[in-house]
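Notes follow once the structure below has been shown.
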């Protein structure tokens, strides 16, 4: 299946992926209006140090520790995509304890959040990938 | 192939899902002595808090058994005849198996305290039925005494605090959450809980009960209306007495096999290797239970699976204060106090950690423990301050972010 892959060589550290991610989750039509005056809490996050930067989001592991460790059954994997059922999540953070990439985080709505490959926004390509100006984040099939 | 699973919680469900990864058609029977759909045991405190309903407590969806072609048998397995591969049921029926998983869980330990039989409203806090019974007696003017300041006792306290007049938690240990926190961390969490209205009596034990009064060892007394016993759990191993090797729990290997042929075990009833300390121990934790169960299921169905990365690990929160801990706490210590953090390391390995408050990216630390990552292969100074993939070498990051994901 197609996944989000990151090549740090091309990452500019511009953080646009974070803004596109936050916008994709906002249900708003206009990006500027959606993000005006808010501190964004995106599901993809840039790590940067000494001129090196790269984006980290859910790897959609084939053996997902977050799903196996979830105490409520809120995290599930279906056709390779790991999604969160916010109704079932009680924010115990066992997934944050488990994820070896640090790709699950607290959200603003009482449940955890993670990249769901924009499956809920019905776009063919995840917003971070579409928004990356330098091709550092791609969505493709790799063995 | 006839698969029988004794236990309908995380380990049992993990096994059923593991079997179905390999074998779509074999007969699976799950035997449970609880009259419920599979539910998440740790959610019973959230139920009393009103944060979940019984419907939302379901660990798997309502059609789980039908979708996976599983027969759910509400009965109690009373005896196993490993010679003829048969299980005796409490209603005097029998069930035969080709491969058996014992995922019988653990039971609340009830300490033999003098006069306990004189206490009318006393409860343990392990099951949905325990929670329902406790729920019935919760009234605003009642005083609650909880024996045990561990995970179970304190989650119970959080769950019922708003529904009673007073809660006192008593523990033999000098600090709360003694199995997962160090002194300073325990003090911090205790202060938080006290600020919410929970009272503590630590380094104390009950000498005897006289109806609604607990007489402590030192002679002090505590009056209460409701008693909750949360002093610990004991693995349910009896079914395999004389059949498989048992220490404190049923001994299993990395394939979740017991010493008896075609009998597997997983979850709270077992004892297994903690890779963070190198010790064999019982680790009654849901994530390990699921992964041991899944591993058992895959192997029962003829697949190949090892689960050899069990470590103690807990994510727990009280009134919005989050705590994540893992591993064991030996070695040198890296400490931060503003956002409480303790990392314990020795011999080039991370052994354990405690995070209170800011728990962001805790899984990076968990992974270093589970994988026994040599610390000289990463930027340990950086990862101490800021957990992240940046601490890894570029080539390792390329694999992690560019493919080859778990």
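Protein chains in written order, with our numbering: chain A, 1 to 143; chain B, 144 to 549. Glycine included, each C-beta is placed from N, C-alpha and C at the ideal position.
query                                                                                                                                                                           : result
Quick one: Cα of residue 544 of chain B to Cα of residue 76 of chain A, how far?                                                                                                : 21 Å
Is the Cβ of residue 94 of chain A closer than 7 Å to any Cβ of chain B?                                                                                                        : yes
Could you list which residues in chain B have their beta carbon closer than 8 Å to that of residue 56 of chain A, in chain order?                                               : 531, 532, 544
CB-CB under 8 Å to residue 516 of chain B, same chain, minus the five flanking residues each way: which ones, in chain order?                                                   : 492, 493, 510
With contact counted as at least three CB pairs below 8 Å, one residue from each stretch, are the region 276 to 283 of chain B and the region 356 to 364 of chain B in contact? : no
Roughly how many whole angstroms lie between the Cα atoms of residue 15 of chain A and residue 160 of chain B?                                                                  : 40 Å
Of all the residues that make up the region 271 to 294 of chain B, which are near chain A by a beta-carbon distance shorter than 8 Å?                                           : none
How big is the Cα-Cα spacing for residue 270 of chain B and residue 233 of chain B?                                                                                             : 20 Å
Closer than 7 Å, CB to CB, is residue 5 of chain A near chain B or not?                                                                                                         : yes
Cβ atoms of residue 174 of chain B and residue 220 of chain B: under 7 Å apart, would you say?                                                                                  : yes
Taking just the CA atoms, how far does residue 310 of chain B sit from residue 131 of chain B?                                                                                  : Residue numbering for chain B in the displayed model covers 144 to 549; residue 131 of chain B lies beyond these limits and cannot be assessed.
Is it buried or exposed for residue 25 of chain A, if we count other Cβ within 10 angstroms and need 16 for buried?                                                             : buried
Which residues, taken in chain order from the region 420 to 435 of chain B, show a beta carbon closer than 7 Å to some beta carbon of chain A?                                  : 429, 430, 433, 434
Please name the residue in B/412, B/435, B/383, B/428 whose C-alpha comes closest to that of residue 399 of chain B.                                                            : B/435
Let's see if you can read the secondary structure: which residues bound the beta strand (DSSP E) around residue 457 of chain B?                                                 : 456 to 461
Decide if residue 462 of chain B is buried, meaning its Cβ has at least 16 other Cβ atoms within 10 Å, or exposed.                                                              : exposed
Where do the ends of the alpha helix (DSSP H) carrying residue 435 of chain B lie?                                                                                              : 429 to 443
Assuming the contact rule is C-beta atoms closer than 8 Å, residue 406 of chain B and residue 386 of chain B should be a hit. Round their C-beta distance to whole Å, please.   : 7 Å
Hey, residue 531 of chain B and residue 47 of chain A: beta-carbon distance below 7 Å or not?                                                                                   : yes
Residues in the region 67 to 78 of chain A with C-beta within 7 Å of chain B's C-beta atoms, listed in sequence order?                                                          : 68, 69, 71, 72, 73
Under three-state DSSP, which class holds residue 414 of chain B?                                                                                                               : strand
List, from N- to C-terminal side, the beta strand (DSSP E) runs of 3 residues or more that fit wholly inside the region 246 to 309 of chain B.                                  : 249 to 251, 265 to 267, 286 to 290
Using a Cβ-Cβ distance under 7 Å, would residue 506 of chain B count as near chain A?                                                                                           : yes
Terminal residues of the continuous beta strand (DSSP E) containing residue 470 of chain B?                                                                                     : 464 to 470
From which residue to which residue does the beta strand (DSSP E) around residue 54 of chain A run?                                                                             : 52 to 56
With DSSP as the reference, label residue 16 of chain A as helix, strand or coil.                                                                                               : helix
Tell me which residues share the same chain as residue 277 of chain B and place their Cβ nearer than 6 Å to its Cβ, disregarding the 5 neighbours each side in the sequence.    : 266
Going along the chain, which residues of its own chain have a beta-carbon closer than 6 Å to the beta-carbon of residue 372 of chain B, five neighbours each way excluded?      : 253, 267, 290
Report buried or exposed for residue 57 of chain A, applying the criterion of at least 16 other Cβ atoms within 10 angstroms of its Cβ.                                         : buried
Using 8 Å for Cβ pairs, my map puts residue 172 of chain B next to residue 202 of chain B. What's the rounded Cβ distance?                                                      : With 8 Å as the limit, residue 172 of chain B and residue 202 of chain B do not qualify as a contact, their Cβ atoms being about 18 Å apart.
Which value, in whole angstroms, describes the spacing of the CA atoms of residue 572 of chain B and residue 419 of chain B?                                                    : Absent from the model: residue 572 of chain B. The displayed extent of chain B is 144 to 549, so no value can be given.
Name the residue from B/299, B/293, B/500 whose alpha carbon lies nearest to the alpha carbon of residue 315 of chain B.                                                        : B/293
Indicate the three-state DSSP secondary structure (helix, strand or coil) for residue 539 of chain B in the structure shown.                                                    : helix
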